[in-house]
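S.K.:
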Amino acid sequence: MTVQHDPSVYERIQAGEQFQELRRRYRSWAFPMTIAFLVWYLLYVLLSGFARDFMGTKLFGNINVALVFGVLQFVSTFLIAWAYSRHAAAKLDPIADELRAGAENRDEVGEGAK
Numbered sequence: 003m004t005v006q007h008d009p010s011v012y013e014r015i016q017a018g019e020q021f022q023e024l025r026r027r028y029r030s031w032a033f034p035m036t037i038a039f040l041v042w043y044l045l046y047v048l049l050s051g052f053a054r055d056f057m058g059t060k061l062f063g064n065i066n067v068a069l070v071f072g073v074l075q076f077v078s079t080f081l082i083a084w085a086y087s088r089h090a091a092a093k094l095d096p097i098a099d100e101l102r103a104g105a106e107n108r109d110e111v112g113e114g115a116k
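Numbered per our numbering, the sequence shown finishes at 116, counting up by one with no gaps.
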């Protein structure tokens, strides 16, 4: 026997247009950035494995291309984290705050009715 239940506040939020917009905005930033970073990382790995002469090219002193690319991996990671925090603050957090406020108001209304 299937038990029917009223949709929870979370199910109603998830089905709502605002939540779908929030999800679309998140995915439109996160997926391309993830792909870009993975391509950049795999380029580094492949060059390290198959282009040893290129990666071993000295740029100045004992600093070679591989070392520069390795440091740039860390730099790009921090830049992506910084860019995401700006994106989230500008594009995601306002919608998430509205959804949270709406959910909290529904909970208060529901508790007051009991």
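Ideal Cβ placement from N, Cα and C applies to all residues, glycine included. Remember, predicted model here, so these are calculated numbers, not experimental data.
Express the C-alpha separation of E19 and L94 in angstroms, rounding to a whole number.
M.R.: Answer to the nearest angstrom: the Cα atoms are 14 Å apart.
S.K.: Would you check if the stretch 22-32 and the stretch 66-80 touch, i.e. whether three or more CB-CB distances between them fall below 8 Å?
M.R.: no
S.K.: Going by DSSP in three states, N66 sits in which element: helix, strand or coil?
M.R.: strand
S.K.: Taking Cβ positions, are F56 and L49 nearer each other than 8 Å?
M.R.: yes
S.K.: Kindly indicate which three-state DSSP category P34 falls into: helix, strand or coil?
M.R.: If DSSP states are grouped into helix, strand and coil, P34 belongs with the helices.
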